[in-house]
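In the numbering used here, the protein residues as written are 268 to 614.
Beta carbons: idealized from backbone N, C-alpha and C, even for Gly.
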């Protein structure tokens with residue numbers, strides 16, 4: 268057990284170090300002990316997943332360096348100064364969110380590699396815009412900001428959307444990870460607000476794809492999403508949900524994915540998912556009074572969706588998404604649950 272905790276620690280040890288959180292091996296074992304006789308299995312399966320889904324600050328910087336280098340190389344600009352003169356790294360999120368932290372790393376890279384800071388060129392007129400974020404899950408934040416940006420108008424009263432269609436400006440969205448289902452939602456959102464031409468003009472880049480769109484064939488389903496089955500606890504909880512949308516997204520078919528490439532094997536996927544959900548239900552049962560309708564065992568979700576949560580398994584050095592299973596991040600005074608990843612700015 269100690270060896271498993273040590274190995275997990277080596278992967279996640281920089282989690283929230285920037286704001287005073289320092290996970291220890293002892294805390295990893297304390298978290299795993301909450302799973303009773305399944306404690307070793309949970310640690311083993313988590314250790315199998317983490318190298319693929321945990322983004323340390325070092326990894327983040329390497330990914331951002333590759334993205335910036337490619338953006339500059341593929342651009343029409345000859346050199347770093349012309350590029351920064353006409354490029355704006357959009358800063359639309361609150362100070363404690365992921366975007367400002369990513370922009371801080373971007374500036375580190377620019378200073379180290381080119382001896383320049385993008386902050387020196389903020390006041391120049393722009394034609395090239397990049398929106399950075401860590402993850403698109405449901406995509407509500409990214410989608411809202413892109414629509415907000417497109418609805419802006421310049422000094423002559425021309426909308427950014429029209430300028431984009433007329434090839435006067437460009438915009439791209441750069442992410443560490445993207446859920447295929449949430450991505451389809453946001454493309455449709457932009458289509459409804461504007462048109463297909465606008466949708467095609469926006470460039471999207473991501474390093475890791477979370478394939479969870481139930482309508483697409485051969486999805487990896489690199490999330491936690493239980494198979495349809497006869498688990499009485501899960502079925503009873505699911506039947507109690509007062510929601511109507513997307514019930515066909517709640518469970519996966521028994522024989523999917525066709526080939527297991529995320530969990531260690533298909534049997535361990537089944538077992539691990541059931542553990543996450545049953546423990547998540549136990550956590551929800553700790554809530555005094557009626558729990559908020561967006562709280563589900565596999566993470567927060569639109570309360571109108573009749574699903575168990577997104578089951579996101581993608582973590583960064585900064586925080587854990589709230590659409591990840593509750594067992595990873597739930598921490599409420601008075602509740603008998605210890606979080607593996609203490610959350611920031613969630614309440």
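Asked	Found
In whole angstroms, what is the alpha-carbon distance linking residue 286 and residue 279?	15 Å
Short check: CB of residue 584 to CB of residue 282, under 8 Å?	yes
Report back the beta-carbon spacing between residue 309 and residue 542 to the nearest angstrom; my notes put them in contact at under 8 Å.	6 Å
Assuming the contact rule is C-beta atoms closer than 8 Å, residue 302 and residue 546 should be a hit. Round their C-beta distance to whole Å, please.	7 Å
When DSSP builds the beta bridges, which residues end up paired with residue 470?	439
Would you identify the three-state DSSP class for residue 603, choosing helix, strand or coil?	coil
For residue 446, which beta-bridge partners are listed by DSSP?	477
Exposed or buried, residue 304, counting other C-beta atoms within 10 Å across all chains shown (16 or more means buried)?	exposed
In chain order, what residues of the same chain have a beta carbon less than 8 Å from the beta carbon of residue 514, not counting five sequence neighbours either side?	573 and 574
My guess is that residue 295 and residue 607 are in contact by the Cβ rule of under 8 Å, so how many angstroms apart are they, rounded?	7 Å
State the Cα-Cα distance for the pair residue 376 and residue 337, rounded to the nearest angstrom.	13 Å
With DSSP run on the structure shown, which of helix, strand or coil describes residue 571?	coil
Write down the C-beta distance between residue 581 and residue 444 rounded to the nearest angstrom, noting that I regard them as a contact closer than 8 Å.	5 Å
So, at 8 Å on beta carbons, what are the nonlocal neighbours of residue 488 in its own chain, with the 5 sequence-adjacent residues on each side left out?	478, 479, 519, 523, 524 and 529
Tell me the DSSP secondary structure of residue 369 in three-state form.	helix
Is it true that the CB of residue 277 sits closer than 8 Å to the CB of residue 531?	no
Taking residue 591 as the reference, give the member of 576, 601, 598 and 603 with the closest Cα.	576
Quick one: grab the DSSP three-state call for residue 549.	helix
Is residue 566 near residue 589, with beta carbons less than 8 Å apart?	yes
Please state if the CB of residue 466 and the CB of residue 482 are separated by a distance shorter than 8 Å.	no
Using 8 Å as the threshold, is the C-beta distance between residue 412 and residue 398 below it?	yes
Could you check the C-alpha separation between residue 273 and residue 292 for me, to the nearest Å?	6 Å
Quick one: give me the first and last residue of the beta strand (DSSP E) that residue 276 is part of.	Looking at the DSSP string, residue 276 is not in any beta strand (DSSP E); the run it does join, the alpha helix (DSSP H), is 269 to 279.
Hey, residue 339 and residue 350: beta-carbon distance below 8 Å or not?	yes
On a CA-only basis, which of 557, 345, 288 and 380 is nearest residue 333? Give me that one, please.	380
Could you give the distance in angstroms between the alpha-carbon of residue 393 and the alpha-carbon of residue 450?	27 Å
Assuming residue 300 is part of the alpha helix (DSSP H), what are its boundary residues?	292 to 300
Would you identify the three-state DSSP class for residue 519, choosing helix, strand or coil?	strand
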